[in-house]
Amino acid sequence: MLFCFFVMGIGWAQRPAQGPMSKKRFNPEKKGYRLVWEDQFKGKALDTTKWSVRGIGPRAIAYVSEEAVKVENGYLKLYALKKGDSLLGSAVGTQGKFMAKYGYYECRAKLQRSPGVWAAFWLQSPQVSKGEDPAKYGAEIDVMEFFKKLGPDIVSHNVHWAYGP
């Protein structure tokens, strides 16, 4: 997860749906999509052929560390941990291992409700910070971000571009 300074962008926040949810489910195969990549986290460690711990080092008030990334019982667990006087954070990404220009993306996640967390599911061009033209350098799509400071039941969505030189 990157700290993003952006020049242009659009975004919004929303509360959870009210009332009963639809029983209808989207079936990607019926729409012509085919599965090309997935991870069910069946091992005991992060599959480094698919993922990398992203941005190891200082980030905001924490230090991104492999220690804060775990795979257990079919789940990827990203932690914020206190270790001595330090805070450890976590982030993973597929850059350099899997990238797709188009597609249908799906993620199942349980979000932490502790103060200070920042859970996110992003799609990001590896070139996004190199210039201001999104047609040439791509964009970052924040499919979902959960900043507890916005409220305990609010997620935000954004598109960022042009945070280049």
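The numbering of the sequence shown is the numbering used here, which starts it at 345 and goes up by one.
Ideal Cβ positions, reconstructed from N, Cα and C, are used throughout, including at glycine.
None of these values were measured; they are calculated from a predicted model.
What would DSSP say about residue i, mapped onto helix, strand or coil?
i, result
"V380", "coil"
"L494", "helix"
"V461", "coil"
"S500", "strand"
Grab me the residues of residue i's own chain with a C-beta within less than 6 Å of its C-beta, minus the 5 sequence neighbours each way, in chain order.
i, result
"A389", "V415"
"L425", "A412 and L432"
"G399", "V408 and A435"
"Y377", "Y448"
Can you have a look at residue i and say buried or exposed, based on whether 16 or more other CB atoms are within 10 angstroms of its CB?
i, result
"Y311", "Given a span of 345 to 509 for the chain in the structure shown, any question on residue 311 remains unanswerable."
"W417", "Looking at the sequence shown, residue 417 is not Trp but Asn. Under this definition N417 is an exposed residue."
"E382", "exposed"
"S409", "buried"
"Q471", "exposed"
"A453", "exposed"
Given this structure, state the Cα-to-Cα distance separating residue i from residue j, to the nearest angstrom.
i, j, result
"F370", "G387", "28 Å"
"V487", "L420", "18 Å"
"Q456", "V499", "12 Å"
"G428", "G495", "29 Å"
Excluding five sequence neighbours on each side, which residues of the same chain lie with their C-beta closer than 7 Å to the C-beta of residue i?
i, result
"D391", "D383"
For residue i, which residues in the same chain have their Cβ closer than 8 Å to its Cβ, ignoring the five residues on either side in sequence?
i, result
"S469", "Y481, G482, A483 and E484"
**Length at least 3, wholly inside the segment 365-448: the beta strand (DSSP E) runs in chain order** = 401-403, 406-408, 413-416, 419-422, 425-427 and 430-433
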